[in-house]
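To start, the structure itself, in structure tokens.
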Amino acid sequence: MLGKDAPNLSPSVVARLRGEWESDFKRWQRRDLSARRYVYIWADGVYLQARMEPQAECMLVLIGATPEGRKELIGFQVGMRESAQSWHELLVDLKARGLTIAPQVATGDGALGFWKAIEEVWPRTCHQRCTVHKTANVLNKMPKVLQPAAKADLREIWTAPDRAAAEAAITKFIEKYGLKYDKAVTCLVKDRDALLTFYDYPAEHWEHLRTSNPIESVFATVRHGAIRTKGALSQDTARFMVFKLVTAAAKTWRRLNGENQLPKVIQGITFRNGVEVIETPAQNAA
9 MLGKDAPNLS PSVVARLRGE WESDFKRWQR RDLSARRYVY IWADGVYLQA RMEPQAECML
69 VLIGATPEGR KELIGFQVGM RESAQSWHEL LVDLKARGLT IAPQVATGDG ALGFWKAIEE
129 VWPRTCHQRC TVHKTANVLN KMPKVLQPAA KADLREIWTA PDRAAAEAAI TKFIEKYGLK
189 YDKAVTCLVK DRDALLTFYD YPAEHWEHLR TSNPIESVFA TVRHGAIRTK GALSQDTARF
249 MVFKLVTAAA KTWRRLNGEN QLPKVIQGIT FRNGVEVIET PAQNAA
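Each residue of the sequence shown is one higher than the one before, counting from 9 in the working numbering.
Structure (structure tokens):
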């Protein structure tokens, strides 16, 4: 955060820095969002453990993709991962500060209370279940000896070239494992439609939309570097420090692939299996 050439830091300097981080965090939480728009958003609950606290604190995290293809941290506050009320409070706060245009797609784990909340705040936003979380959830319901093969079968679904092939791969998985491992199959098919939402968007965006990895990868690094290496004593300090680390890291986040396709998504142009649908003059007339 301070650079490799930062001098030795005294306790008074650290205390001053903490005060600055807190001010920056509170100012960021009150910022005006009326000029912002996010085409896609990713949601997850991230647990932060400080040294002197008895249990980890859950931070509700939202990252969004701007029309220019840049990823930005949108929301970051304490809550309960599975609580629809906690997510509802976060979304309502963002909307009250000017974020009134609903994102096109939201990606996250199926266990989040986020989905009920977004239905209430932005009902027109499409849902995309994270395929990484879903893979883990399905495999947890199967014997370890079968998990490598089942993982490969699940990957055939997520990487299929089109929706029809993905549906066929799901049917194959059901036929292969349904008789003995019905709980694993039920876990998969209950989110069948939401797992394949990405096929209705540009193919260049599929790798971004299929997973909430933008959050997982950022916080894995932050958690290891700032929390687990005897970083913060209190949850407040941990929160402020992680916020500063994430906002600093955001400067190096890579843009979305196919950023030139984002204006088309905003305009409501139809995509089928990742390809723009070009209507003929006769279809336009109809």
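Where is the CB? At the ideal position from N, CA and C, for every residue including glycine.
Buried versus exposed call for residue i [16 or more other C-beta atoms within 10 Å across all chains shown]
i: A23; result: exposed
i: Q112; result: buried
i: K79; result: buried
i: V36; result: The sequence shown places Trp at residue 36, rather than the Val named in the question. Exposed, because fewer than 16 other Cβ atoms sit within 10 Å of the Cβ of W36.
i: R218; result: buried
i: D201; result: exposed
i: K252; result: buried
i: I49; result: buried
i: R137; result: buried
i: R236; result: Low confidence applies here, because R236 scores a pLDDT of 49, under 50, leaving its location unreliable; read the following figure in that light. Exposed: under 16 other Cβ atoms inside 10 Å.
i: P271; result: exposed
i: V100; result: exposed
i: V283; result: exposed
i: L187; result: exposed
i: A256; result: exposed
i: T139; result: buried
Whole-Å CB distance - residue i paired with residue j, under 8 angstroms assumed
i: G83; j: L98; result: 5 angstroms
i: I215; j: G77; result: With the sequence shown as reference, residue 215 is identified as Glu, and Ile is not the correct amino acid for it. The Cβ separation is near 13 angstroms, so there is no contact.
i: H135; j: T205; result: 6 angstroms
i: Y207; j: N265; result: That pair is no contact at about 16 angstroms.
i: A51; j: G116; result: 4 angstroms
i: A158; j: Y185; result: 7 angstroms
Boundaries of the beta strand (DSSP E) in which residue i is found, first to last residue
i: W50; result: Y48 to L56
i: R137; result: C134 to R137
i: L70; result: E65 to A73
i: V86; result: K79 to V86
Sub-8 angstroms separation of residue i and residue j beta-carbons
i: L56; j: A64; result: yes
i: A160; j: A168; result: no
i: L68; j: Q93; result: no
i: D40; j: G106; result: yes
i: K149; j: A177; result: no
i: P210; j: V273; result: yes
i: R45; j: I126; result: no
i: M254; j: V226; result: First, the amino acid is wrong: residue 254 is Val here, not Met. Yes, these two residues count as a Cβ contact at 8 angstroms.
i: F248; j: R26; result: yes
i: E224; j: Q269; result: no
Continuous alpha helix (DSSP H) stretch holding residue i: start and end
i: K124; result: F122 to V129
i: G116; result: Where G116 is concerned, there is no enclosing alpha helix (DSSP H), although the beta strand (DSSP E) it sits in stretches over V113 to G116.
i: F248; result: Q243 to A257
i: Y185; result: R171 to Y185
i: K159; result: Q155 to W166
i: A104; result: A92 to A104
i: Q37; result: P19 to Q37
Residue of the options minimising C-alpha distance to residue i
i: R89; options: W123, I165, K259 and W261; result: W123
i: V146; options: L203, T245 and Q275; result: L203
i: T133; options: A114, L120 and P151; result: A114
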